[in-house]
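Participant: Okay, handing you the structure first.
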Amino acid sequence: MSTDATTRPLPALTPETGFFWTSGADGRLRILRCQSCRTYVHPPSPVCPSCGSRTLTPEPVSGHGTVLTATVNHQEWGLLPTPYVIAIVELEEQPGLRLTTNIVGIDPAEVRSGMPVQVRFEHDADVYLPVFEPVR
Amino acid sequence: MQEILERRAVISGLGQSTVGRRLDRSNLDLTLEAVSAAIADAGLTTADVDGLSTFPGGALHARDAGRYAPTGVRDVQDALRLELTWSHGGAEGPAPLGAVVSACLAVAAGLARHVVVWRTVTESSEQGEGSRAEVAHHAGLGDKRVDGYRQWSIPFGAASSVNLLALYAQAHFDRYGTTREQLAQIALNDRTNAAANPHAVFRDPLSIDEYLSARMISTPLCLYDCDVPVDGSTAVVVSHRDFASDAANPVAHVHAVGTAMRGRPSWDQFDDLTTMAARDAAEHLWSRADVTTADVDVAQLYDGFSFLAIAWLEALGFCEQGAGGPFVEGGKRIARDGDLPLNTDGGQLSAGRLHGFGLLHEACLQLRGTAGARQLDAPETAVVANGGGPVAGCMLLTKGD
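And the structure:
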């Protein structure tokens, strides 16, 4: 593990994305969803890319997904203690519904594509970052 | 049949500044060295130049200044007292090569006759003696909230494009069985070619053992999979083809460009995590070309990270999707005496990170026949590819029209 101090940069809370970054306050992940055609939309957008509706609302999702691909970062960037796993996770609710995230609670070398994972949150200031751990 | 308008354009002049590590020269100084050399190389004077085009353009706001927003159009226009009929600078579009594509279209449309296009980097000096953590801090990552598209990756420690690229490389490894030994061939081939390029930054031999034992940056990418930041500027003059016979040196004809980017324009939302935007740009290129992969004599494919060259080989159809690893295995096929010589100047991994313009410059030198010790045997058709991840642009250049 790195001995240097690290500081995880936090996202700005904006009118469009604030719900996503604070959703974990009650332990649930939320994704914007079209109220007309029921498509999940991420990153958040004012317009549904499927049907053009402007009525989109954050809805809770299961928090379960699959690792599509992952990398173990060894380079010191001063952001997180190394080594750490960066991954793209696809949520089970919809094909192509993806987040870039960290995989935690597991030896970085053990993370594999296809691994089932579930969300948990890293609380820092007013942000609840959604990271994922192997399904228990 | 619809005219392929970019064929009205030729690359008539080539210029490159000194390229090196921490040159301690200003961005504008390097730019003017390259720009002036390109103008002279074409047999022109500043009075002939009526267009400028650059990536990523100048900084409109102080907060944007720094490593990524260097010399802009107005800086060069004023320094050389140019009288312009057309100019453009910008960071969006089909990768840095978009600045060349824009120049071709301006010339084809008659908005300008001689457009100087440049890309200047001073990343080596700005990295300075500090640690990468300090670089990240100064880039604004350490002391303020992240917004825009970066908010989806940087809070998770994906500080650099190497992390995002590594996700694609790992997906390729997982799906197609690509190996580090195969990926290494891009780095080893670059280093071999760099030995024949006196301007390359890294010219000492690199062995497969050194590659395999190098420290990991972001798995599966090691130190030698990442290009080397340098200071330097590359400029070309894009002229109307009517000028070809008057140019001081043989021109390179623009045969076709590929600018399509159809997938979602972000790293993690792009539909196929093994192909990237190169897929669409390459398909677009061939749809505008009268030649095929079999006609290509030399490939100058973006290798800011080794895996990108593999992705471009597949996207351009030199091999099937997923077969890039076996295609480069052993390195013979992509060597200067192989079937498809690749990145003959040493590429970005060994010659330096000139953001794709070094590869464009090299393609033109090879078509001219003035590439010195690394000159191929009379190549007539070159493909140049630029960009990675969600941005891509490519171009076919020919010796004759």
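Chains as they are written, first to last, in this note's numbering: chain A, 1 to 136; chain B, 1 to 401. Glycine is no exception: its CB is placed at the ideal position from the N, C-alpha and C atoms.
1) Just tell me which of A:E93, A:P60 and A:A70 has its CA closest to the CA of A:F19.
2) For B:Q16, which option in B:C364, B:T398, B:C394 and B:L397 has the closest C-alpha, if you only look at C-alpha atoms?
3) Kindly indicate which residue of B:A392, B:N189 and B:L316 has the alpha-carbon position closest to the one of B:A335.
4) If you reduce the DSSP assignment to three classes, tell me which class B:W267 lands in.
5) Would you report the Cα separation of B:L301 and B:G388, rounded to the nearest angstrom?
6) For A:P116, write down the residues that DSSP places opposite it in a beta bridge.
7) Where does B:E320 fall in DSSP's three states?
8) Which runs of the beta strand (DSSP E) at least 3 residues long sit entirely within the region 343-399 of chain B? Give them in chain order.
9) For the alpha helix (DSSP H) that contains B:W423, what are its first and last residues?
10) Would A:E133 and A:G105 qualify as a contact pair, given that the criterion is a beta-carbon distance under 7 angstroms?
11) DSSP puts B:D231 in a beta bridge; with which residues?
12) Could you give the DSSP three-state label for A:C51: helix, strand or coil?
13) Just confirm the distance between the C-beta atoms of B:D297 and B:P379, as a whole number of angstroms; I'd bet it's less than 8 angstroms.
14) Within this structure, are the beta carbons of B:T234 and B:G358 separated by less than 7 angstroms?
15) DSSP on B:C424, reduced to helix/strand/coil?
16) Judging by CA-CA distance, which residue of B:A351, B:A247, B:G331 and B:G263 is the nearest neighbour of B:A38?
17) Using a beta-carbon distance below 7 angstroms, is B:G157 in contact with chain A?
18) Could you check where the alpha helix (DSSP H) with B:Y168 kicks off and where it finishes?
19) So, helix, strand or coil for A:P60, using DSSP?
20) Would you identify the three-state DSSP class for B:G15, choosing helix, strand or coil?
21) Which residues share a DSSP beta bridge with B:M216?
22) Can A:Y40 and A:E90 be called in contact, C-beta distance under 7 angstroms?
23) Apart from the five residues on each side of it in sequence, which residues of its chain come closer than 6 angstroms, Cβ to Cβ, to B:A166?
24) Short check: CB of A:P11 to CB of B:Q182, under 7 angstroms?
25) Run down chain B in chain order and give the residues with a C-beta less than 7 angstroms from the C-beta of A:Y137.
26) Beta-carbon separation of B:T54 and B:G89 under 7 angstroms?
27) Mapping DSSP to helix, strand and coil, what is B:I334?
28) May I have the straight-line CA-CA distance separating B:D24 from B:S12, to the nearest angstrom?
29) May I ask you to list the residues that DSSP assigns as paired with A:L99?
30) Does chain A have any CB closer than 7 angstroms to the CB of B:V391?
31) Using beta carbons (cut-off 7 angstroms, strictly below), is B:L212 in contact with chain A?
32) Examine chain B for any beta-carbon lying closer than 7 angstroms to the beta-carbon of A:V137, and answer yes or no.
33) So B:L273 packs on A:T69, CB below 8 angstroms; how close in whole Å?
34) Using the three-state DSSP reduction, which class does B:H284 fall into: helix, strand or coil?
35) Roughly how many angstroms separate the alpha carbons of B:R353 and A:R98, rounded to a whole number?
36) Taking just the CA atoms, how far does A:V127 sit from B:E134?
Facilitator: In terms of the structure at hand:
1) Within the first sequence, the letter at position 19 stands for residue 19 of chain A. When each option's Cα is compared against that of A:F19, the closest is A:P60.
2) Taking the second sequence and counting its residues from 1, one reaches residue 16 of chain B at position 16. Closest by alpha carbon: B:C364.
3) Position 335 of the second sequence, counted from the first residue, corresponds to residue 335 of chain B. Checking every option, the nearest Cα to that of B:A335 belongs to B:N189.
4) As a working note, residue 267 of chain B is residue 267 in the second sequence. B:W267 falls in the coil class under three-state DSSP.
5) Within the second sequence, residue 301 of chain B is the residue found at index 301, counting from 1. Within the second sequence, residue 388 of chain B is the residue found at index 388, counting from 1. Rounded to whole angstroms, B:L301 to B:G388 spans 10 angstroms at the Cα level.
6) For the purposes of this step, residue 116 of chain A is taken as residue 116 along the first sequence, with counting starting at 1. Checking the DSSP bridge columns, you'll see A:P116 partnered with A:T66.
7) Taking the first residue of the second sequence as 1, we reach residue 320 of chain B at position 320. The answer is coil: DSSP assigns B:E320 none of H, G, I, E or B.
8) 381-386 and 393-398
9) Absent from the structure is residue 423 of chain B, since the part of chain B shown begins at 1 and ends at 401.
10) As a working mapping, residue 133 of chain A is identified with position 133 in the first sequence. As a working mapping, residue 105 of chain A is identified with position 105 in the first sequence. Inclusion of A:E133 and A:G105 in the CB contact set at 7 angstroms is warranted, their separation being smaller than that value.
11) As a working note, residue 231 of chain B is residue 231 in the second sequence. Its beta-bridge partners are B:G20 and B:T122.
12) Translated into the one-based positions of the first sequence, residue 51 of chain A becomes position 51. Three-state DSSP puts A:C51 in coil, outside helix and strand.
13) Here residue 297 of chain B refers to the residue found at position 297 when the second sequence is read from its first residue. Here residue 379 of chain B refers to the residue found at position 379 when the second sequence is read from its first residue. At roughly 4 angstroms, the Cβ-Cβ gap stays under 8 angstroms, so B:D297 and B:P379 are in contact.
14) As a first step, residue 234 of chain B must be located in the second sequence, where it is residue number 234. As a first step, residue 358 of chain B must be located in the second sequence, where it is residue number 358. Yes, the pair counts as a contact, with Cβ atoms nearer than the cut-off.
15) Limits of chain B in this structure are 1 at one end and 401 at the other, which puts residue 424 of chain B out of reach.
16) Indexing the second sequence from 1 puts residue 38 of chain B at position 38. Checked all of B:A351, B:A247, B:G331 and B:G263; the closest Cα to B:A38 is B:A247.
17) In the second sequence, the residue the question calls residue 157 of chain B occupies position 157. Yes, contact with chain A.
18) The count along the second sequence starts at 1 and reaches residue 168 of chain B at position 168. For B:Y168, the uninterrupted alpha helix (DSSP H) segment begins and ends at S161 to Y176.
19) By 1-based counting over the first sequence, the position of residue 60 of chain A is 60. The answer is strand: DSSP assigns A:P60 an E or B state.
20) Along the second sequence, read from residue 1 onward, the residue named residue 15 of chain B stands at position 15. If DSSP states are grouped into helix, strand and coil, B:G15 belongs with the strands.
21) Here the question's residue 216 of chain B lines up with position 216 in the second sequence. Beta-bridge pairing links B:M216 to B:C222.
22) To locate residue 40 of chain A, count along the first sequence from 1; it is residue 40. To locate residue 90 of chain A, count along the first sequence from 1; it is residue 90. No, the Cβ-Cβ distance between A:Y40 and A:E90 is not below 7 angstroms.
23) The residue labelled residue 166 of chain B in the question sits at position 166 within the second sequence. Hits under 6 angstroms: S218 and L221.
24) In the first sequence, counting from the first residue as 1, residue 11 of chain A sits at position 11. In the second sequence, counting from the first residue as 1, residue 182 of chain B sits at position 182. Against a cut-off of 7 angstroms, the Cβ pair of B:Q182 and A:P11 comes out as no contact.
25) Only positions 1 to 136 of chain A appear in the structure, and residue 137 of chain A is not among them; the question remains open.
26) The residue given as residue 54 of chain B occupies position 54 in the second sequence. The residue given as residue 89 of chain B occupies position 89 in the second sequence. Result yes, Cβ atoms of B:T54 and B:G89 sit closer than 7 angstroms.
27) Taking the second sequence and counting its residues from 1, one reaches residue 334 of chain B at position 334. Coil, per DSSP.
28) For the purposes of this step, residue 24 of chain B is taken as residue 24 along the second sequence, with counting starting at 1. For the purposes of this step, residue 12 of chain B is taken as residue 12 along the second sequence, with counting starting at 1. Looking at the two C-alpha atoms, the distance is approximately 30 angstroms.
29) Translated into positions along the first sequence, residue 99 of chain A becomes position 99. Paired residue(s): A:V89.
30) For the purposes of this step, residue 391 of chain B is taken as the residue at position 391 of the second sequence. By this cut-off, B:V391 is not an interface position.
31) Taking the first residue of the second sequence as position 1, residue 212 of chain B is located at position 212. Closer than 7 angstroms to the CB of B:L212 there is not a single CB belonging to chain A.
32) No answer is possible for residue 137 of chain A: it lies beyond the span of chain A, which begins at 1 and ends at 136.
33) Counting from one through the second sequence, the residue named residue 273 of chain B turns up at place 273. Counting from one through the first sequence, the residue named residue 69 of chain A turns up at place 69. About 6 angstroms; that satisfies the 8 angstroms criterion.
34) Taking the second sequence and counting its residues from 1, the one referred to as residue 284 of chain B is at position 284. Three-state DSSP puts B:H284 in a helix.
35) By 1-based counting over the second sequence, the position of residue 353 of chain B is 353. By 1-based counting over the first sequence, the position of residue 98 of chain A is 98. Near 31 angstroms, if we compare the C-alpha coordinates of A:R98 and B:R353.
36) Counting from one through the second sequence, the residue named residue 134 of chain B turns up at place 134. Counting from one through the first sequence, the residue named residue 127 of chain A turns up at place 127. Its pLDDT being 47, under 50, B:E134 is placed unreliably by the model, and nothing is read from it.
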